[in-house]
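Chains as they are written, first to last, in this note's numbering: chain A, 541 to 683; chain B, 541 to 683; chain C, 541 to 683; chain D, 541 to 683.
All C-beta atoms in this analysis are idealised placements derived from N, C-alpha and C, irrespective of residue type, glycine included.
Number of protein chains: 4
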Amino acid sequence: MEPTEIFDAMPFARHVGVELTAASDGEATGHIDIEAHHSSTPATVVAHGGVSYTLADTVGGAAVISLAETPTPTVDMRIDYLAPATGDRLDASARVVRFGDSVAVVDVSVTDETDDRIAEARGVYKTGGGDGDSAWDGGDLLE
Amino acid sequence: MEPTEIFDAMPFARHVGVELTAASDGEATGHIDIEAHHSSTPATVVAHGGVSYTLADTVGGAAVISLAETPTPTVDMRIDYLAPATGDRLDASARVVRFGDSVAVVDVSVTDETDDRIAEARGVYKTGGGDGDSAWDGGDLLE
Amino acid sequence: MEPTEIFDAMPFARHVGVELTAASDGEATGHIDIEAHHSSTPATVVAHGGVSYTLADTVGGAAVISLAETPTPTVDMRIDYLAPATGDRLDASARVVRFGDSVAVVDVSVTDETDDRIAEARGVYKTGGGDGDSAWDGGDLLE
Amino acid sequence: MEPTEIFDAMPFARHVGVELTAASDGEATGHIDIEAHHSSTPATVVAHGGVSYTLADTVGGAAVISLAETPTPTVDMRIDYLAPATGDRLDASARVVRFGDSVAVVDVSVTDETDDRIAEARGVYKTGGGDGDSAWDGGDLLE
């Protein structure tokens with residue numbers, strides 16, 4: 541199954557409107573057409589931080605899967621917001637910067653339809669050893 | 541307007557199903573009842589990382605607003621995933637650890653209905669100077 | 541070799557003055573006595589952010605090694621500064637919150653001699669597969 | 541006083557061997573010549589994560605000061621390690637990606653003398669309202 545098919549079948553990505561457009565060789569792209577229900581305020585449409593994050597995490601994961609060819613759960617992600625998401629569309633472009641046997645590091649840039657930078661994210665994903673549900677299979681949660 | 545009312549009126553929080561239950565004195569709580577559309581896989585229900593993140597960012601913001609009494613856009617947030625979100629519900633508990641004139645630092649813990657830790661997040665929010673849409677009003681985006 | 545011996549022999553930890561006092565069962569403690577050369581300003585003694593970070597990364601690593609019993613290079617770490625480090629001493633207390641086959645997540649709290657919180661850090665460390673120099677042995681650095 | 545002079549007078553930057561070479565218009569560069577005391581192991585010279593971090597935080601701060609012309613304490617920084625620092629030198633290049641009235645976001649890349657990427661860092665710095673010792677003057681540390 542191609543990465544784009546995996547993500548087309550991902551319920552939450554569909555619920556938020558993520559369209560994955562490409563994923564190969566450690567790079568991936570995708571976008572969300574912004575609608576009123578994405579807003580953080582009822583008065584005007586400014587996409588909630590969770591919209592940019594969901595797009596970044598999803599497209600970042602697709603970039604890793606294009607190399608790992610196995611489910612690659614997110615270990616952690618940091619997102620920095622650079623401008624209010626007031627446009628009609630959010631585009632994400634992800635690139636794996638380091639791909640290892642057990643984890644990968646990915647950079648994701650989120651822009652709007654005028655190419656203004658909206659957010660930048662950096663995440664670590666599991667590349668081996670998990671079963672797709674979690675980065676932590678086989679691990680212990682300490683009290 | 542009370543913080544809980546502000547968040548009830550937040551379109552994306554409603555779209556994802558965030559229920560904010562309390563927000564005062566720098567602390568806030570909220571939850572999401574997990575349904576099939578929150579899943580990252582079609583086969584079983586495991587909440588997507590964007591669900592925990594949206595809950596954490598929203599409840600974290602409510603904790604800051606309870607002190608700031610003004611919109612407080614997110615500057616950045618890091619989330620670490622500790623276990624797969626396979627339960628029926630995600631609960632978030634947020635606490636402001638530092639509240640300054642311009643930014644605040646917040647810790648958020650996400651657990652499931654059996655109190656298993658699912659994720660931990662730490663974020664920085666703007667506490668002054670913005671207009672509610674962004675942390676960056678008055679700032680310059682450098683090329 | 542005990543974790544405390546490993547860290548006593550770590551040249552940079554000695555150069556910065558890190559004293560590791562305990563490391564077992566996923567927890568570790570250590571401190572630095574602050575001197576003029578730790579300062580970020582020549583006029584008064586306020587420890588540079590790199591001092592708190594070096595302490596946090598070192599004590600965090602010791603907490604992981606106490607469980608992994610193998611070198612555990614840092615994959616990433618985020619540090620949030622909560623107050624100026626104007627005291628005579630920095631104490632760090634680290635706790636592994638999740639220990640997996642390939643990575644672990646650690647929380648570290650840095651306080652001064654009056655128990656004021658100075659910084660909080662969260663890091664991911666490799667727990668398997670490396671040779672002690674890096675988290676990335678066997679991995680590819682993508683262009 | 542020029543940024544390079546401010547950093548020449550910074551005791552901890554001197555203790556770790558940071559040489560700041562340029563800082564203007566939101567960009568800065570600097571380096572550290574790696575010696576045995578920078579190592580994380582006694583057997584071979586592999587620079588400790590605190591060395592790359594101290595370089596990144598210092599050069600990142602210089603990039604912000606070049607625009608702010610006031611002390612700019614670090615609010616938070618995340619560093620991701622991409623390769624073991626086994627070379628003779630670490631170079632850092634920092635760029636302010638967003639400069640606001642109260643905070644700035646900075647990207648820092650750390651490479652070795654062969655241009656191999658060693659680490660990437662992203663930090664938030666205070667740009668106004670502090671007194672140089674901390675991002676938190678005027679703020680409350682909550683219990």
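Q.
Can you tell me which residues form a DSSP beta bridge with C/GLY663?
A. Here the question's residue 663 of chain C lines up with position 123 in the third sequence. C/GLY663 is bridged to C/MET617, C/VAL646.
Q: Check whether the Cβ of D/ARG635 lies closer than 8 Å to any Cβ atom in chain A.
A: Numbered from its first residue, the fourth sequence carries residue 635 of chain D at position 95. Closer than 8 Å: no.
Q: Would you give the residue range spanned by the alpha helix (DSSP H) that C/ASP548 belongs to?
A: Stepping through the third sequence from its first residue, residue 548 of chain C is reached at position 8. Note, C/ASP548: alpha helix (DSSP H), 543-548.
Q) So is D/THR651 in contact with chain C if we call contact Cβ pairs under 8 Å? A) Working through the fourth sequence from its first residue, we reach residue 651 of chain D at position 111. No, because no Cβ of chain C sits closer than 8 Å to the Cβ of D/THR651.
Q) C/ASP616 CB to nearest chain A CB: under 8 Å? A) One-based indexing of the third sequence puts residue 616 of chain C at position 76. Closer than 8 Å: yes.
Q: Drop a sphere of 10 angstroms on the beta-carbon of D/THR654, count the other beta-carbons inside from all chains shown, and report buried for 16 or more, exposed for fewer.
A: Position 114 of the fourth sequence holds residue 654 of chain D. So D/THR654 ends up on the exposed side.
(Q) Against chain C, does D/PRO551 count as a neighbour if the rule is that its beta carbon must be under 8 Å from one of theirs? (A) Taking the fourth sequence and counting its residues from 1, the one referred to as residue 551 of chain D is at position 11. It does: the Cβ of D/PRO551 has a partner Cβ on chain C nearer than 8 Å.
Q: Identify the continuous beta strand (DSSP E) that holds C/SER633 and give its terminal residues.
A: Locating residue 633 of chain C in the third sequence gives position 93, where the first residue counts as 1. 629-639 is the span of the beta strand (DSSP E), which, as asked, contains C/SER633.
Q) Hey, D/ASP616 and B/ASP616: beta-carbon distance below 8 Å or not? A) In the fourth sequence, counting from the first residue as 1, residue 616 of chain D sits at position 76. In the second sequence, counting from the first residue as 1, residue 616 of chain B sits at position 76. Going by C-beta atoms, D/ASP616 is nearer than 8 Å to B/ASP616.
Q | Nearest candidate by alpha-carbon position, reference C/VAL645, set C/LEU595, C/SER564, C/TYR665 | A | Counting from 1 along the third sequence, the entry for residue 645 of chain C is found at position 105. Nearest of C/LEU595, C/SER564, C/TYR665 to C/VAL645, Cα basis: C/TYR665.
Q | Among C/THR598, C/THR544, C/VAL591, the one whose alpha carbon lies nearest that of C/ALA576 | A | Your numbering for residue 576 of chain C matches position 36 in the third sequence. For C/ALA576, the nearest C-alpha among the options comes from C/VAL591.
Q) Rounded to a whole number of angstroms, what is the C-alpha to C-alpha distance between B/ASP548 and B/LEU607? A) What you label residue 548 of chain B is simply residue 8 of the second sequence in a count that begins at 1. What you label residue 607 of chain B is simply residue 67 of the second sequence in a count that begins at 1. Distance between the alpha carbons of B/ASP548 and B/LEU607: 18 Å.
Q) Beta carbon of A/VAL636, beta carbon of A/ALA587: below 8 Å? A) One-based indexing of the first sequence puts residue 636 of chain A at position 96. One-based indexing of the first sequence puts residue 587 of chain A at position 47. Against a cut-off of 8 Å, the Cβ pair of A/ALA587 and A/VAL636 comes out as no contact.
Q. How would you list, in chain order, the residues of chain D whose beta-carbon sits under 9 Å from the beta-carbon of C/ALA576?
A. Position 36 of the third sequence, counted from the start, is the residue given in the question as residue 576 of chain C. Per Cβ cutoff of 9 Å: PRO551.
Q. In angstroms, rounded to a whole number, what distance separates the CA positions of D/GLY627 and D/ASP652?
A. Counting from 1 along the fourth sequence, the entry for residue 627 of chain D is found at position 87. Counting from 1 along the fourth sequence, the entry for residue 652 of chain D is found at position 112. Each residue's alpha carbon lies about 6 Å from the other.
Q.
Relative to the C-alpha of A/GLY589, which candidate in B/ASP656, B/ARG638, B/ARG618 has its C-alpha closest?
A. Against the first sequence, residue 589 of chain A aligns to sequence position 49. Cα-wise, what sits closest to A/GLY589 is B/ARG618.
Q: Could you say which of D/GLU545, D/ILE658, D/GLY668 lies nearest to D/LEU595 if we only look at CA atoms?
A: The count along the fourth sequence starts at 1 and reaches residue 595 of chain D at position 55. Per the Cα distances, D/ILE658.
Q | Between the CA atoms of C/PRO551 and B/PRO582 - distance to the nearest angstrom | A | Your numbering for residue 582 of chain B matches position 42 in the second sequence. Your numbering for residue 551 of chain C matches position 11 in the third sequence. Rounded to whole angstroms, B/PRO582 to C/PRO551 spans 51 Å at the Cα level.
Q: Check whether the Cβ of A/ASP620 lies closer than 8 Å to any Cβ atom in chain D.
A: The count along the first sequence starts at 1 and reaches residue 620 of chain A at position 80. Yes, contact with chain D.
Q. Which full runs of the alpha helix (DSSP H) of 4+ residues lie inside the segment 581-616 of chain C, going along the chain?
A. 589-608
Q) Along chain C, which residues have their Cβ under 7 Å away from the Cβ of B/VAL645? A) As a first step, residue 645 of chain B must be located in the second sequence, where it is residue number 105. Chain C residues near B/VAL645: ASP620, LEU622.
Q. From C/ASP656 to D/ASP597, what distance separates their C-alpha atoms?
A. Translated into the one-based positions of the third sequence, residue 656 of chain C becomes position 116. Translated into the one-based positions of the fourth sequence, residue 597 of chain D becomes position 57. If I take the Cα positions, the gap works out to 23 Å.
Q. Between which two residues does the beta strand (DSSP E) harbouring D/ALA625 extend?
A. The count along the fourth sequence starts at 1 and reaches residue 625 of chain D at position 85. Careful: D/ALA625 lies outside any beta strand (DSSP E) and carries neither H nor E.
Q.
If I follow the unbroken alpha helix (DSSP H) through A/HIS577, where does it start and stop?
A. As a first step, residue 577 of chain A is located in the first sequence; it is residue number 37 there, counting from the start. Premise fails: A/HIS577 is in no alpha helix (DSSP H) and is neither H nor E.
Q. In terms of residues, what are the limits of the alpha helix (DSSP H) holding A/VAL556?
A. Within the first sequence, numbered from 1, the residue matching residue 556 of chain A stands at position 16. Per DSSP, A/VAL556 belongs to the alpha helix (DSSP H) from 551-556.
**Q.** A/ARG554 at chain D interface by Cβ criterion, 8 Å
**A.** The count along the first sequence starts at 1 and reaches residue 554 of chain A at position 14. So, not an interface residue.
Q. Based on the DSSP secondary-structure assignment, which residues constitute the bridge partners of A/THR569?
A. Working through the first sequence from its first residue, we reach residue 569 of chain A at position 29. Beta-bridge pairing links A/THR569 to A/ALA562, A/SER633.
Q. Would you call the CB atoms of A/ASP631 and A/HIS571 closer than 8 Å?
A. Indexing the first sequence from 1 puts residue 631 of chain A at position 91. Indexing the first sequence from 1 puts residue 571 of chain A at position 31. Closer than 8 Å, so yes.
Q: Assign A/THR651 to one of three DSSP states: helix, strand, or coil.
A: The residue given as residue 651 of chain A occupies position 111 in the first sequence. A/THR651: strand per DSSP, three-state reduction.
Q: Have a look at C/GLU559 and C/THR614 and give me their C-alpha separation to the nearest angstrom.
A: As a first step, residue 559 of chain C is located in the third sequence; it is residue number 19 there, counting from the start. As a first step, residue 614 of chain C is located in the third sequence; it is residue number 74 there, counting from the start. Distance between the alpha carbons of C/GLU559 and C/THR614 is about 19 Å.
(Q) If the criterion is Cβ atoms closer than 8 Å, does the pair D/SER642 and D/THR612 meet it? (A) The residue you call residue 642 of chain D lines up with position 102 of the fourth sequence. The residue you call residue 612 of chain D lines up with position 72 of the fourth sequence. Contact flag unset, no.
Q: Could you check the C-alpha separation between C/ARG638 and B/PRO624 for me, to the nearest Å?
A: Mapped onto the third sequence, residue 638 of chain C falls at position 98. Mapped onto the second sequence, residue 624 of chain B falls at position 84. If you take the alpha carbons of C/ARG638 and B/PRO624, they lie about 12 Å apart.
Q.
Taking the straight line between their C-alpha atoms, what separation do you get for C/SER633 and A/ALA562?
A. As a position in the third sequence, residue 633 of chain C is number 93, starting the count at 1. As a position in the first sequence, residue 562 of chain A is number 22, starting the count at 1. Going by the C-alpha atoms only, they are around 44 Å apart.
Q. For the putative contact between D/GLY663 and D/GLY600, defined by C-beta atoms under 8 Å, what is the C-beta separation to the nearest angstrom?
A. Sequence index remark: in the fourth sequence, residue 663 of chain D carries index 123 (1-based). Sequence index remark: in the fourth sequence, residue 600 of chain D carries index 60 (1-based). Right, their Cβ atoms sit about 5 Å apart.
**Q.** 6 Å CB neighbourhood of A/PRO543 in its chain, flanking five on each side removed
**A.** If you number the first sequence from 1, residue 543 of chain A lands on position 3. Hits under 6 Å: ALA563, ALA602, ILE605, SER606.
Q. Checking contacts by CB at 8 Å: is B/ALA675 closer than that to chain A?
A. Position 135 of the second sequence, counting from 1, holds the residue named residue 675 of chain B. Because the pLDDT at B/ALA675 is just 49, under 50, the model does not fix this residue reliably, and the value given afterwards should be weighed accordingly. By this cut-off, B/ALA675 is an interface position.
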